[in-house]
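Protein chains: 2
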Amino acid sequence: MIIDIHGHYTTEPQALHLFRDRQLAGLADASRKPASTDLGISDEVLAKSVEPQRKFQRERGSDLTIFSPRAGGMAHHVGTEAISIEWTRISNDLIHRICTLLPESFVGAGQLPQFPGVSPRNCIPELERIVKELGFVGVNLNPDPSGGYWTDPPLIDRHWYPLYERLAELEVPAMIHVSSSCNPNFHHTGAHYINGDTTAFMQLIQGNLFKDFPTLKFVIPHGGGAVPYHWGRYRGLAQDMKRPPLAEHVMKNVFFDTCVYHLPGIELLAKVIPVDNILFASEMIGAVKGVDPETGHYYDDTRRYIDQLSGLGEKDRAKIFEGNARRVYPRLDALLKKRGHPGMKA
Amino acid sequence: MIIDIHGHYTTEPQALHLFRDRQLAGLADASRKPASTDLGISDEVLAKSVEPQRKFQRERGSDLTIFSPRAGGMAHHVGTEAISIEWTRISNDLIHRICTLLPESFVGAGQLPQFPGVSPRNCIPELERIVKELGFVGVNLNPDPSGGYWTDPPLIDRHWYPLYERLAELEVPAMIHVSSSCNPNFHHTGAHYINGDTTAFMQLIQGNLFKDFPTLKFVIPHGGGAVPYHWGRYRGLAQDMKRPPLAEHVMKNVFFDTCVYHLPGIELLAKVIPVDNILFASEMIGAVKGVDPETGHYYDDTRRYIDQLSGLGEKDRAKIFEGNARRVYPRLDALLKKRGHPGMKA
Chain A
98 MIIDIHGHYT TEPQALHLFR DRQLAGLADA SRKPASTDLG ISDEVLAKSV
148 EPQRKFQRER GSDLTIFSPR AGGMAHHVGT EAISIEWTRI SNDLIHRICT
198 LLPESFVGAG QLPQFPGVSP RNCIPELERI VKELGFVGVN LNPDPSGGYW
248 TDPPLIDRHW YPLYERLAEL EVPAMIHVSS SCNPNFHHTG AHYINGDTTA
298 FMQLIQGNLF KDFPTLKFVI PHGGGAVPYH WGRYRGLAQD MKRPPLAEHV
348 MKNVFFDTCV YHLPGIELLA KVIPVDNILF ASEMIGAVKG VDPETGHYYD
398 DTRRYIDQLS GLGEKDRAKI FEGNARRVYP RLDALLKKRG HPGMKA
Chain B
98 MIIDIHGHYT TEPQALHLFR DRQLAGLADA SRKPASTDLG ISDEVLAKSV
148 EPQRKFQRER GSDLTIFSPR AGGMAHHVGT EAISIEWTRI SNDLIHRICT
198 LLPESFVGAG QLPQFPGVSP RNCIPELERI VKELGFVGVN LNPDPSGGYW
248 TDPPLIDRHW YPLYERLAEL EVPAMIHVSS SCNPNFHHTG AHYINGDTTA
298 FMQLIQGNLF KDFPTLKFVI PHGGGAVPYH WGRYRGLAQD MKRPPLAEHV
348 MKNVFFDTCV YHLPGIELLA KVIPVDNILF ASEMIGAVKG VDPETGHYYD
398 DTRRYIDQLS GLGEKDRAKI FEGNARRVYP RLDALLKKRG HPGMKA
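Protein sequences, first through last, are from chains A and B. Each residue of the first sequence is one higher than the last, beginning at 98 in this note's numbering. Each residue of the second sequence is one higher than the last, beginning at 98 in this note's numbering.
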């Protein structure tokens, strides 16, 4: 079984965008506010909207995608906290409907109703709802709800602890994923995303978060940002700062996905990061949509790169494709077991 | 000849730090302002202060370092523009004295008196002084004078053009190098530096700066931030944005150094980035000061990694160690020729 742990709903029906326009227009002119949160999207339209993803699943050979709302669409910095809450519920409900319609293709991960300057404690009701009522197995946690100005505290600050407590109790891992950027310095997928990954990892080195939350798990997407390429720098910085070796200090709790869009990058990832910390993902129909003229294949067809890793044994390959995801996402593992997929032998 | 293009004066005498304390104390209490900008540092003390760098040059086998003030020390966001100007002149003057005392070991690159929200045009007098009077061959340009809040315009904005005009006329390349971070989210050497590199490169993809300045040259340090690891992403983003291939669009003007502190990272750099765009550097006694227990060698002894690149021919190795630096820094090349180092044959 091949599990893609990083997919966003980037093919939303136009009705969702129209709702968002009206929702935000309502900030300036209350008469424009949508009368209802019912988007009027039929199951048929919904299923059709994710046909591109399912086609790629079949063509590229992956089975199940952990599917969450469009990352750039979360836009926690826009509007008010109430707007963020409403928008989050609507976005999560759509994911839930898709996962209910097509359970063999998609399992849900949620957006959280974060807002800059507001305690992440306020996200707990929605977290409980998506996990307990909607059956989601993961969440996306935005380390910079300001959208590129980084005005909230670092991830190791106690500001975030109430949310971490619930994540740990619920056994839900968080993917650390920024949203769109309203800072003209940061292109969202070309700078802000990668910087967010790098920044989060360094914060975790600086703190001692996993002493307080030994079972909390973070997935750092986009291959861990700059981290594997600068693995010597991060090992050396931790050492200069008298932190334990990274294997003990953070790598029991932190995992990188494989959203790196060329073979040499994936080769580096597999060479320097322990195989138990690598989870297959493609973020298909995401940041980079084209075909690489150097290979004739889609940049984001990351399965091809993993398949080409010559030094990787079959057991390790299966860990990257399935075993690690089931270990990091215990609720996914339970779901798959219930469906008759026993999983890998230890 | 082996030229290390990236060294900062990180072993400054205590007198410089005392001056800086008094200078900044003077903001709150004018009576504490230093009476003079004469630091009272003797040539002997100055020469002794860079003995650690010269020892590493001998031990590791490099000849000449392009030497500039401590990057974190620039701290353009601190105080006022007048403070930045005074501090910049003092910092550059010390570099000049070192390069005059030890011309076989060091050649100067300068700090610029940037200040957040102020036109980079104001840096031109100091640029002219360090190039024409002090003989510096390069400058460090901070893409985020705010120190981690990124409130100035992107590098492709016309805001920066007056400075670019003078850099191009003077044939002085700029290393795009942030300074310290006053944003608690960004560890300075572990996040802000690497993010700065990644951000700058993506800005250059977004714009068309080198159409306006075809001879302007930028060095992106720390191995180009996250860029080589995500080279597929950047090629793909440029393609989605209908930009020309990166080779044409930016790589005639942008160069990466080799400050990547482990062999797999350097291997990746050499594999994906054209050899003509790679310049040897170590940033010794900088971000990472320790010895890697996995190798028994200093993390920042980057020459070892280049020496271990098995696929690299001698001519390409010489380009990385010397030839590219002389091409990117024409004033260095002229200086070396005058000193009887003719350089590589084309």
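Yeah, the Cβ is synthetic: ideal placement off N, Cα and C, and Gly gets one too. This one's a predicted model, so the numbers in the text were calculated from it and none came from an experiment.
Cβ-Cβ separation, residue j to residue i (assumed contact under 8 Å), whole Å
i      : j      : result
Y331/A : I302/A : 7 Å
L406/A : A431/A : At roughly 30 Å, the Cβ-Cβ gap does not stay under 8 Å, so L406/A and A431/A are not in contact.
H173/A : P213/A : 7 Å
S277/A : G169/A : 4 Å
H105/B : S165/B : 6 Å
I163/B : V234/B : 7 Å
M299/B : G287/A : 4 Å
V385/A : D397/A : 6 Å
V204/A : L429/A : 6 Å
G304/A : I253/A : 3 Å
Other residues of its chain near residue i: CB distance less than 8 Å, five sequence neighbours each side excluded
i      : result
T108/B : S146, V147, P149, Q150 and I382
A122/B : R129 and K130
D140/B : R194 and L198
L224/A : G207, L209, V236, L260, R263, L264, L267 and V269
N280/A : G244, G245, Y246 and H289
Close-in-space but distant-in-sequence residues of the same chain around residue i (CB under 6 Å, 5 per side omitted)
i      : result
L376/A : I102, F352, D354, N421 and A422
I273/B : L238, P240, A297, F315 and I317
R119/B : R129 and P131
F307/A : N350
P325/A : L365, L366, V369 and I370
I182/A : P210
M348/B : N374
I100/A : L161, E419 and A422
P110/B : I138, V142 and S146
S188/A : P166 and Q208
V388/B : Y395
Residues near residue i in its chain [Cβ-Cβ closer than 7 Å; skip 5 each side]
i      : result
A323/B : I291 and T295
K416/A : V372 and D373
R414/B : I403
L115/B : none
G176/B : L121 and L124
T185/A : Q208, L209, P210 and E223
L343/B : Y331, R332 and A335
Within-8 Å CB hit, residue i to chain C
i      : result
K368/A : The structure shown has no chain C; the protein chains it does contain are A and B.
At least 3 beta-carbon pairs within less than 8 Å: the region 203-210 of chain B vs the region 234-247 of chain B: In this structure the region 203-210 of chain B touches the region 234-247 of chain B; the number of beta carbon pairs closer than 8 Å is three or more.
Sufficient close CB pairs (3 or more, under 8 Å) joining the region 333-353 of chain A to the region 307-320 of chain B: no
Sequence ranges, beta strand (DSSP E) only - wholly within the region 205-256 of chain A, length at least 3: Counting only runs of 3 or more residues that sit fully inside the region 205-256 of chain A, the beta strand (DSSP E) segments are 235-238, in chain order.
Any 3 or more C-beta pairs closer than 8 Å across the region 358-368 of chain B and the region 396-412 of chain B: In this structure the region 358-368 of chain B lies against the region 396-412 of chain B, because at least three pairs of beta carbons, one per stretch, are closer than 8 Å.
Short-range partners of chain B found in the region 313-341 of chain A, where Cβ spacing is below 8 Å: H319, G320, G322, A323, P325, Y326, H327, W328, G329, R330, Y331, R332, G333, L334, Q336 and D337
Cβ pair count under 8 Å reaching 3, the region 258-267 of chain A against the region 222-232 of chain A: yes
Every unbroken alpha helix (DSSP H) inside the region 302-352 of chain A [4 residues or more]: 306-309, 328-337 and 343-346
Sequence ranges, beta strand (DSSP E) only - wholly within the region 124-209 of chain A, length at least 3: 161-166 and 203-207
Cβ-based contacts, 7 Å cut-off: residues of the region 375-391 of chain A near chain B: Taking 7 Å as the upper bound on Cβ-Cβ separation, chain B lies near residues A384, V385, K386, G387 and D389 of the region 375-391 of chain A.
Under 9 Å (Cβ pairs) to chain B, residues found in the region 250-275 of chain A: In summary, the residues of the region 250-275 of chain A whose CB is separated from some CB of chain B by less than 9 Å are P250, P251, L252 and D254, in the order they occur in the chain.
Residues from the region 354-365 of chain A in contact with chain B, defined by Cβ distance under 7 Å: V357, Y358, H359, P361, G362 and L365
Alpha helix (DSSP H) segments (min. 4 residues) lying fully within the region 255-302 of chain B: 258-267
Cβ-based contacts, 9 Å cut-off: residues of the region 217-240 of chain A near chain B: Within the region 217-240 of chain A, P240 place their CB atoms closer than 9 Å to a CB of chain B, listed in sequence order.
Ranges of the alpha helix (DSSP H) found wholly within the region 351-413 of chain A, counting only runs of at least 4: 360-369 and 399-404
Near-chain B residues of the region 287-298 of chain A - C-beta to any C-beta below 7 Å: G287, A288, I291, N292, T295 and T296
Against chain B: residues of the region 103-116 of chain A by CB proximity under 9 Å: none
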